[in-house]
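*Asks:* Questions regarding the structure given below will be posed in turn.
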Amino acid sequence: MSHLRLLLLSAAVFSLVSSTLSQPSATLIDCGASASSVIAGRSWQPDGDFISAGTSKNVSEQVLDQVLSTVRSFPAAATRRKFCYVVAVSRGWKYTIRTTYFYGGVNGKANPPPVFDQIVDGTLWGVVNTTADYAEGLASYYEGVFLAQGKSMSVCVASNSYTASDPFISALEVVRLDGSVYNSTEFGGFGLSLVARHAFGYSGPIIRFPDDEFDRFWEPYSLNSTVSNNRKLEVSGFWNLPPSRIFNTDLRATQVQPLEFTWPPMPLKNSVYYIALYFAHDSDSLDGGGSRVFDVSVNGVTYYKELSVAPAGAVIFASRWPLEGQTTLKLSPRSGSTLPPLVNGGEMFELIALGGRTLVRDATALNAIKRSFENVPVDWSGDPCMPKNYSWTGVTCSEGPRIRIVALNLTNMGLSGSLAPEVARLTALSSIWLGNNSLSGSIPDFGSLKLLESVHLEDNRFSGPFPSFFSGVPRLRELFLQNNNLTGQVPSNLLQKPGLELRTSGNPFLTQPPR
1 MSHLRLLLLS
11 AAVFSLVSST
21 LSQPSATLID
31 CGASASSVIA
41 GRSWQPDGDF
51 ISAGTSKNVS
61 EQVLDQVLST
71 VRSFPAAATR
81 RKFCYVVAVS
91 RGWKYTIRTT
101 YFYGGVNGKA
111 NPPPVFDQIV
121 DGTLWGVVNT
131 TADYAEGLAS
141 YYEGVFLAQG
151 KSMSVCVASN
161 SYTASDPFIS
171 ALEVVRLDGS
181 VYNSTEFGGF
191 GLSLVARHAF
201 GYSGPIIRFP
211 DDEFDRFWEP
221 YSLNSTVSNN
231 RKLEVSGFWN
241 LPPSRIFNTD
251 LRATQVQPLE
261 FTWPPMPLKN
271 SVYYIALYFA
281 HDSDSLDGGG
291 SRVFDVSVNG
301 VTYYKELSVA
311 PAGAVIFASR
321 WPLEGQTTLK
331 LSPRSGSTLP
341 PLVNGGEMFE
351 LIALGGRTLV
361 RDATALNAIK
371 RSFENVPVDW
381 SGDPCMPKNY
391 SWTGVTCSEG
401 PRIRIVALNL
411 TNMGLSGSLA
421 PEVARLTALS
431 SIWLGNNSLS
441 GSIPDFGSLK
451 LLESVHLEDN
461 RFSGPFPSFF
471 SGVPRLRELF
481 LQNNNLTGQV
491 PSNLLQKPGL
501 ELRTSGNPFL
511 TQPPR
């Protein structure tokens with residue numbers, strides 16, 4: 001996945017429609033910070049309410065952006081583990097997610113920045129590699145657009161085998177988008193990962209909020225072979241609601257001839273991309289009956305024919321366009337066009353196929369179990385099963401389109417607390433291994449777990465009457481309950497259950513049935 005550099009200094013056609021600028025509905029998280037702050041008129045929150053893992057660290061290097069002065073750092077591990085921020089959202093809305101990273105030598109100046117993965121819900125978003133940017137004193141940011149499929153979204157950084165250094169994050173922004181924005185994408189199956197977003201012909205600082213109501217970053221992009229139009233245009237918005245300020249400049253040919261240039265500036269990996277190009281100009285250009293009509297091609301393939309740019313403006317887009325390597329845009333005047341072609345702005349995203357999600361019922365039940373435990377593993381956040389290589393410690397999941405939790409193994413994990421009754425909702429479980437912990441309270445009813453074969457609850461502090469429901473678990477082959485505080489009598493039908501290995505010693509108040 002492409003990333004973007006952040007300076008520390010701070011195919012259909014649609015007519016323009018009006019919009020009203022407002023403060024974006026957003027959650028802005030200053031990772032590692034201990035207090036709230038207001039920066040450039042926007043309110044940032046410390047991250048303690050969104051994540052329970054990791055360590056807050058101060059960046060030793062001087063920064064001009066306050067958000068970059070702290071990070072949250074997470075322990076690298078021999079096995080893949082994810083560490084997730086969980087943010088409340090409105091189900092069914094699209095959100096821009098932006099993650100920002102400035103290493104600042106937090107793992108020791110002698111150590112290069114780590115390389116690690118980032119994840120949204122159950123989808124592997126891509127690899128975070130800030131090494132080149134950090135060498136130039138820059139922060140890196142990544143931006144994507146994803147649909148909220150529930151009442152919360154998880155955004156995770158995850159250790160992998162690329163480097164042994166601890167992963168980190170500087171800032172996280174989750175911004176709700178208007179319903180019309182990028183609405184040609186099938187967000188039920190895909191997310192969008194930003195590759196490039198540019199204001200053409202512009203050479204100033206990044207255009208963002210308040211010019212862009214969703215605080216998207218529009219980077220400058222100018223070429224020596226083109227001239228920019230610095231006349232202020234009265235442009236208010238498209239479906240994607242770009243800021244009107246990007247229409248104050250453009251790239252245009254100096255004569256009525258083709259305009260050809262490389263965009264985006266970096267080569268692309270072989271993938272499928274969303275492309276949107278924006279066009280508008282002042283009405284004075286059309287005085288005297290002039291016209292501006294041209295074809296648009298990408299790498300020699302026709303993207304749009306006979307685009308007529310009027311003062312009202314236009315956008316052309318492609319929702320799924322395959323690309324690889326260096327990309328060239330060409331605007332070719334049509335016969336009879338009297339004005340040179342121009343373009344004001346462009347956005348390009350890579351389409352990211354969404355990973356699966358743990359069955360909601362299972363995820364809800366496991367989160368209830370998490371709340372009943374104390375000292376849970378640090379990576380118990382986000383989706384329990386997905387992405388596939390990043391399931392929670394001790395959790396085994398099924399394959400296929402319906403992702404279920406099939407086994408729990410938290411043996412000798414230092415757990416305390418109790419076992420929540422919601423475990424009975426994990427009806428795909430074949431084994432529950434919680435031995436050698438300090439769990440207490442009664443054993444909840446497992447009678448609904450018809451696939452259960454193995455139960456290890458030994459060496460805990462479970463109390464209460466010996467559970468009678470185990471006799472009705474048809475596939476049960478192992479039941480280890482030794483060294484607890486169970487009371488009453490072991491059911492005779494359980495003792496006589498064929499093929500069952502039963503261990504109950506070490507429960508001082510437990511008796512055997514009379515012979």
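Residue numbers (our numbering): 1 to 515.
We put the beta carbon where it would ideally sit given N, CA and C, even for glycine.
State the CB to CB distance for the pair residue 258 and residue 331, rounded to an integer number of angstroms; the pair is presumed to be in contact (CB under 8 Å).
*Replies:* 7 Å
*Asks:* Is it right to say residue 326 is buried, meaning 16 or more other beta carbons lie within 10 angstroms of its own, or is it exposed?
*Replies:* exposed
*Asks:* Cα-Cα, which of 36, 403, 201 and 274 is closest to residue 516?
*Replies:* An answer regarding residue 516 cannot be provided, because it is not within the stretch 1 to 515 covered by the chain.
*Asks:* Are the CB atoms of residue 74 and residue 104 nearer to each other than 8 Å?
*Replies:* Not in contact: residue 74 and residue 104 (Cβ atoms no closer than 8 Å).
*Asks:* Say whether the region 358-367 touches the region 299-313, bearing in mind that this needs 3 or more beta-carbon pairs closer than 8 Å, one atom from each stretch.
*Replies:* no
*Asks:* Out of curiosity, what's the CA-to-CA distance linking residue 449 and residue 461?
*Replies:* 23 Å
*Asks:* Consult DSSP for residue 452 and reduce its assignment to one of helix, strand or coil.
*Replies:* coil
*Asks:* If I follow the unbroken alpha helix (DSSP H) through residue 372, where does it start and stop?
*Replies:* Counted as a single uninterrupted DSSP element, the alpha helix (DSSP H) harbouring residue 372 occupies residues 360-372.
*Asks:* Can you say whether residue 225 is buried or exposed, counting buried as having 16 or more other CB atoms within 10 angstroms of its CB?
*Replies:* Note that residue 225 scores a pLDDT of 47, beneath 50, so its modelled location is shaky; the value from the coordinates is reported in the next line. The residue in question, residue 225, is exposed, as its Cβ has fewer than 16 Cβ neighbours within 10 Å.
*Asks:* Look at residue 60 and residue 381 and say whether their C-beta atoms are less than 8 Å apart.
*Replies:* It is not a contact, given that the beta carbons lie outside the stated cut-off.
*Asks:* Nearest by alpha-carbon distance to residue 271: which of 193, 329 and 338 is it?
*Replies:* Of the listed residues, the one whose Cα sits closest to residue 271 is 193.
*Asks:* Comparing alpha-carbon positions, which option in 465, 377 and 482 lies nearest residue 393?
*Replies:* 377
*Asks:* Excluding the 5 residues flanking residue 260 on each side, which residues of the same chain have their C-beta closer than 8 Å to its C-beta?
*Replies:* Beyond the five residues adjoining it in sequence on each side, residue 260 comes within less than 8 Å, by CB distance, of 328, 329, 330 and 331 in the same chain, given in chain order.
*Asks:* What does the alpha-carbon distance come out to for the pair residue 174 and residue 89?
*Replies:* So the two alpha carbons sit approximately 9 Å from each other.
*Asks:* Identify the residues that DSSP records as bridge partners of residue 202: which are they?
*Replies:* Beta bridge pairing from DSSP links residue 202 with 221.
*Asks:* What does residue 72 pair with, by DSSP beta-bridge criteria?
*Replies:* 56 and 169
*Asks:* From which residue to which residue does the alpha helix (DSSP H) around residue 487 run?
*Replies:* It is not in any alpha helix (DSSP H) - residue 487 instead sits in the beta strand (DSSP E) that spans 485-489.
*Asks:* What residue from 263, 294 and 363 has the CA that sits closest to residue 324's CA?
*Replies:* 263
*Asks:* May I have the straight-line CA-CA distance separating residue 494 from residue 480, to the nearest angstrom?
*Replies:* 13 Å
*Asks:* Quick check on DSSP: helix, strand or coil for residue 516?
*Replies:* Residue 516 lies beyond the stretch modelled for the chain, which goes from 1 to 515, so this question has no answer here.
*Asks:* Would you call residue 465 buried or exposed, if buried means 16 or more other Cβ atoms sit within 10 Å of its Cβ?
*Replies:* exposed
*Asks:* Hey, would you say residue 458 sits closer than 8 Å to residue 503, going by beta carbons?
*Replies:* yes
*Asks:* Specify the secondary structure class of residue 388 as computed by DSSP and reduced to three states.
*Replies:* helix
*Asks:* Under three-state DSSP, which class holds residue 313?
*Replies:* coil
*Asks:* Assuming residue 345 and residue 242 make a contact with CB atoms under 8 Å, what is their CB distance in whole Å?
*Replies:* 6 Å
*Asks:* DSSP state of residue 246, grouped into three classes?
*Replies:* In the three-state reduction of the DSSP assignment, residue 246 falls in the helix class, which pools H, G and I.
*Asks:* Can you find the residues in the same chain that come closer than 8 Å, C-beta to C-beta, to residue 436, ignoring five residues on each side of it along the sequence?
*Replies:* 411, 412, 458, 459 and 460, listed in sequence order.
*Asks:* May I have the straight-line CA-CA distance separating residue 237 from residue 244, to the nearest angstrom?
*Replies:* Caution is warranted here: a pLDDT of 49 is assigned to residue 237, below 50, making its placement in the model unreliable, and the coordinate value is therefore given only provisionally. Rounded to the nearest angstrom, the two C-alpha atoms are 7 Å apart.
*Asks:* Excluding the 5 residues preceding and the 5 following residue 185 in the sequence, name in chain order all residues of the same chain whose CB lies nearer than 7 Å to its CB.
*Replies:* Correct list, in chain order: 192, 274 and 319.
*Asks:* Here's the rule I'm using: 16 or more other beta-carbon atoms within 10 Å means buried, otherwise exposed. How should residue 206 be labelled?
*Replies:* buried
*Asks:* If distances are taken between C-alpha atoms only, which option among 223, 146 and 66 comes closest to residue 37?
*Replies:* 66
*Asks:* Taking 8 Å as the cut-off, decide whether the C-beta atoms of residue 383 and residue 402 are in contact.
*Replies:* no
*Asks:* For the region 401-484, list the beta strand (DSSP E) runs that are entirely contained and at least 3 residues long, ordered along the chain.
*Replies:* 405-409, 416-418, 431-433, 438-441, 454-456, 461-465 and 478-480
*Asks:* For residue 355, is the classification buried or exposed, using 16 other Cβ atoms within 10 angstroms of its Cβ as the cut-off for buried?
*Replies:* buried
*Asks:* Within 10 angstroms of its Cβ, does residue 110 collect 16 or more other Cβ (buried), or is it exposed?
*Replies:* Exposed.
*Asks:* Given a cut-off of 8 Å, decide if residue 293 and residue 334 are closer than it, judged by their beta-carbon atoms.
*Replies:* yes
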